[in-house]
Amino acid sequence: MLTDTTKDAIRAAYTRLKDGLPGFRARASQGKMIAEVAKALAQEGGAAVIEAPTGTGKSMAYLIAGVEVARAQKKKLLIATATVALQEQLVQRDIPLYLKLNGTEAKVALAKGRGRYLCPRNLNMAGNSLNETAQMGLGFDADLALWTKPPQERDKKALSKLAGLFDRGEWDGDIDASPEPISDLLRPMITTSAGGCTSRKCGQFMICPFFAARRAVGDADIVVANQDLVLADLTMPREEEGFGGVILPKPDETLYIFDEGHHVPSKAIDRGASDVYMSIAVRQLSRLGRQIHAAYSLTDKEVIGKLTLDAGDEKLQELSDALEELEKEIRLAWLPSPDDDEPMYRGSLGQLPEAWVEQARVLYVFTSEVERWVGAVRRAVLEMTESGPTHEALSRELGMALERIDRQTRTWRAWSASDSETAPPLARWVTLSVDQQLVCHASSVSAGGLLRSVLWGNASGVVMTSATLSAGGNFRGFADAVGLPNEAVTLSLPSPFDLAAQARLEVPAMRSLPDAREDHTQEICDWLAEHLDWNAGNLVLFTSRIKLDRVLQKLPIEHVRKVRAQGSLGKAQLVAEHIADIEAGKGSTLFGLASFGEGLDLPGKLCETVVITQLPFAVPTDPVGATYAEWLESRGRNPFIEVTVPEATRLLTQYCGRLIRTETDHGRIVLLDRRVVLKRYGERMLKSLPPFTRVIEKVA
């Protein structure tokens with residue numbers, strides 16, 4: 001319940017914000033958002049989904065409401081974002097500014113997964129390995145070669161510099177704030193996963209950046225985390241009954257705000273996905289056997305986890321034989337076409353051949369037994385009173401083996417489980433890798449069921465917000481995707497900008513549609529060459545790398561010289577060079593894919609034209625999307641209208657949002673796809689877009 005005292009505190013905080021921020025302009029949308037966030041979070045189990053366009057000031061809105069409600073209820077405020085950039089903005093700018101303006105104090109912590117922090121133990125091992133040969137010389141077959149290939153000189157220098165900075169206390173071990181570039185080769189060597197971490201048994205525990213951050217989270221009033229970590233925590237079973245609160249504060253003691261909320265459904269689905277590389281899994285079991293032999297020898301125990309070493313070896317052999325048997329079954333039943341670039345067998349409505357399912361049931365039993373046993377073996381190694389580098393490295397290897405076995409267990413459980421009659425089935429499929437290895441996959445096709453069980457029913461209060469959550473104000477698609485409770489509030493706020501006066505949406509008279517690939521590509525080139533202002537700042541968005549490359553090949557060379565294409569350099573460097581050229585009075589045009597259509601902030605002259613070459617429809621071959629579409633069709637529903645069009649509309653709105661970033665911006669959005677005026681669904685998409693002035697050319 002939102003008390004009068006809390007309402008007064010929120011009003012006072014908003015007044016101090018208005019008085020303290022230079023040039024502050026009151027916006028009705030921001031005021032409305034503050035009120036709705038406060039009401040949702042003040043109600044036990046409250047839920048709200050709020051679409052807040054660029055310029056609303058949503059971070060300050062949810063801070064004003066969230067901080068005051070959390071303080072009144074003596075609960076934690078947890079803000080979950082999808083990008084590192086927004087996390088840093090909140091921790092370094094928005095939250096300190098809010099606290100300063102209100103003359104108040106609060107402990108703030110940034111929470112990230114282990115992989116985003118330096119592992120001091122691995123840093124030392126990586127440095128020492130430069131003077132050693134091959135793997136680690138631990139007396140058993142180590143699963144991780146420290147260097148997967150010979151390190152280059154820059155990696156050696158980076159390793160030395162990072163070690164020195166960390167030892168001197170000049171770097172806190174946050175990988176995202178590394179003072180030295182970390183290559184893809186070096187990163188996994190100086191970080192670790194949960195399985196590879198020995199926690200308090202590690203000699204570096206007291207100086208470990210991850211555990212320092214975790215201690216800060218425990219003391220914090222406001223926690224900023226990435227969505228992956230929040231979802232990981234919410235799906236972790238507690239020692240007592242329930243889920244969540246293992247890494248982060250307990251859900252029933254926490255008010256959650258998911259910013260960039262449009263990412264939540266896909267991240268939740270990814271969280272539950274699993275796969276098994278069949279041949280690699282068999283080879284890993286062989287290595288695991290040697291590691292377990294080393295563990296029995298080190299602990300000097302005859303029985304661990306109720307199994308003798310011989311009995312355990314039999315369990316590993318049973319699992320290995322069963323994996324080979326399933327692979328044989330699949331290869332006999334499925335003959336991929338040699339013409340397929342990426343061969344795939346997908347179970348229609350998630351249903352696989354009964355012989356595969358029966359074998360998966362056997363594998364689920366075997367992997368569950370092995371997982372319990374290996375867990376007991378690792379605990380026995382960790383609990384040894386005498387330990388050293390060999391014990392620590394062995395427990396690390398066993399921990400990483402447990403992570404892999406867990407993926408197997410989850411895959412075979414999914415393959416052998418029966419689907420609910422009232423919910424979408426799991427997607428189950430097999431692929432053939434480039435090296436002809438069979439890979440078995442499983443995934444949920446909707447995050448709704450998972451989020452209903454671990455989030456909406458457990459959290460004290462939840463708000464999801466983003467600039468694009470609906471399709472023209474219709475939240476049905478997003479509500480289904482996240483399992484939104486029926487009583488939740490949904491709200492689409494109007495833009496604070498005068499979009500009709502500031503921007504035009506143009507649909508040129510293209511003669512060809514995207515399915516005529518070469519013709520459409522040539523028309524894109526012709527339009528860009530003739531109508532784009534190459535002396536200004538532009539953004540051109542593509543739905544495929546192939547089309548982007550073809551357009552670059554066909555464009556006149558004088559225009560290509562002014563293009564910065566995604567993939568040629570890192571995104572940050574491309575944007576920095578683009579900005580530098582525009583500020584120097586030169587023209588620059590960014591060519592990008594979907595990731596350039598979201599989160600890119602190029603105000604004013606940095607982007608005066610956004611060109612969208614094609615409507616961003618999802619690829620129909622995606623096995624998760626295809627399974628969900630089949631399920632909708634089996635119930636007489638139209639997946640294209642219910643899922644594909646709304647999602648494409650949301651993405652299109654995101655892309656349009658790259659243009660108008662401030663009240664003084666002006667420009668145009670050009671859509672080179674005539675389907676928005678020729679197809680019935682196109683009219684609906686156009687109506688759902690922001691109220692730009694429309695300029696739709698007629699084909700002669």
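In terms of full-length UniProt numbering, the sequence shown opens at residue 1 and continues consecutively.
By construction, the Cβ of each residue, glycine as well, lies at the ideal position given by its N, Cα and C atoms.
Can you list, in chain order, the residues of its chain with a C-beta nearer than 6 Å to that of residue i? Leave out the 5 residues immediately preceding and following it.
i: S320; result: V282 and L285
i: P343; result: P336 and L432
i: T613; result: I524, F542 and L672
i: residue 701; result: What the structure shows of the chain is the stretch from 1 to 700, and residue 701 is not part of that stretch, so it cannot be assessed.
i: V224; result: I79, Q87, L90, V91 and L110
i: V462; result: A47 and Y256
i: T133; result: With a pLDDT of only 45 at T133, under the threshold of 50, the placement of this residue in the model should not be trusted; the figure read from the coordinates follows. Once the five neighbours on either side are set aside, T133 has no close Cβ partner at all.
Nearest-angstrom Cα distance between residue i and residue j?
i: S59; j: T649; result: 24 Å
i: D549; j: S297; result: 57 Å
i: G604; j: H666; result: 7 Å
i: V611; j: L541; result: 6 Å
i: A626; j: R116; result: 33 Å
i: A417; j: L672; result: 46 Å
i: Q573; j: R680; result: 41 Å
i: I696; j: R635; result: 37 Å
i: P623; j: R410; result: 18 Å
i: R504; j: L528; result: 17 Å
i: P179; j: P120; result: 16 Å
i: K547; j: I641; result: 26 Å
i: P508; j: P425; result: 42 Å
i: L402; j: W171; result: 32 Å
i: A212; j: E577; result: 36 Å
i: R658; j: M510; result: 23 Å
i: A442; j: E358; result: 16 Å
i: F596; j: V670; result: 16 Å
i: L606; j: K201; result: 52 Å
i: I247; j: A584; result: 47 Å
i: R564; j: S470; result: 32 Å
i: Q135; j: M206; result: In this prediction, Q135 has a pLDDT of 43, which is less than 50 and means its spatial position is unreliable; what the coordinates show is noted afterwards. Each residue's Cα considered, the two are about 27 Å apart.
i: L99; j: R361; result: 55 Å
i: L363; j: K571; result: 43 Å
Contact check, residue i vs residue j under 8 Å by CB: the rounded distance?
i: I524; j: V551; result: 6 Å
i: V264; j: V434; result: Not confirmed; about 32 Å, so no contact.
i: L118; j: I64; result: Not a contact, Cβ separation roughly 35 Å.
i: Q437; j: Y277; result: 6 Å
i: K157; j: L493; result: 50 Å between Cβ atoms; not a contact.
i: T15; j: P496; result: That belief does not hold up - the Cβ atoms of T15 and P496 are roughly 19 Å apart, past 8 Å.
i: L651; j: L590; result: Between L590 and L651 the Cβ distance is about 17 Å, and since that is not below 8 Å, they are no contact.
Compute the distance between the beta-carbons of residue i and residue j, then report whether it is under 8 Å.
i: Q73; j: L110; result: no
i: E408; j: T367; result: The amino acid at residue 408 is misidentified as Glu; the sequence shows Gln. Their beta carbons are under 8 Å apart, which means Q408 touches T367 by this criterion.
i: T254; j: K107; result: no
i: V69; j: L41; result: yes
i: I330; j: V430; result: yes
i: A488; j: A47; result: yes
i: G244; j: N458; result: yes
i: L326; j: W373; result: no
i: N226; j: A80; result: yes
i: A618; j: T653; result: no
i: I10; j: I34; result: yes
i: E369; j: K315; result: yes
i: K687; j: G472; result: yes
Return the chain-ordered list of same chain residues with a C-beta closer than 8 Å to the C-beta of residue i, the five sequence neighbours on each side being excluded.
i: G203; result: R121 and E392
i: L234; result: F243, G244, P251, V454, L455 and N458
i: E633; result: P639
i: A85; result: G599
Which same chain residues, not among the five before or five after residue i, have their C-beta less than 7 Å away from its C-beta?
i: D601; result: R661
i: T198; result: L382, E392, S395 and R396
i: P514; result: H520, Q614 and D673
i: A216; result: A109
Does the ligand NAP have a heavy atom nearer than 7 Å to the CB of residue i?
i: L309; result: With respect to the ligand NAP, the structure shown offers nothing to examine, as it has no ligands at all.
Return the chain-ordered ranges of every alpha helix (DSSP H) run that is complete within the segment 30-103 and spans a minimum of 4 residues. 58-73, 84-89 and 95-101
Residue ranges of each beta strand (DSSP E) run of no fewer than 3 residues wholly in the segment 193-258, ordered along the chain? Counting only runs of 3 or more, we get 222-226 and 254-258.
With a floor of 4 residues, list each alpha helix (DSSP H) that falls wholly inside the segment 425-504, ordered by position along the chain. 448-451, 476-482 and 499-502
Ordered list of beta strand (DSSP E) runs contained in the segment 313-386, each at least 3 residues: With a minimum length of 3 residues, the continuous beta strand (DSSP E) runs that stay inside the segment 313-386 are 344-346.
Identify every run of the beta strand (DSSP E) within the segment 617-673, keeping only runs that are complete inside it and at least 3 residues long; order them along the chain. 667-671
Secondary structure, alpha helix (DSSP H): runs of 4+ residues fully inside the segment 152-201: Runs of the alpha helix (DSSP H) inside the segment 152-201: 153-167 and 187-190.
Identify every run of the alpha helix (DSSP H) within the segment 506-542, keeping only runs that are complete inside it and at least 4 residues long; order them along the chain. 517-531
What runs of the alpha helix (DSSP H), each 4 residues or longer, lie entirely inside the segment 258-315? 264-272 and 278-299
Counting only runs of 3+ residues fully inside the segment 537-574, write out the beta strand (DSSP E) ranges in chain order. 537-541 and 563-565
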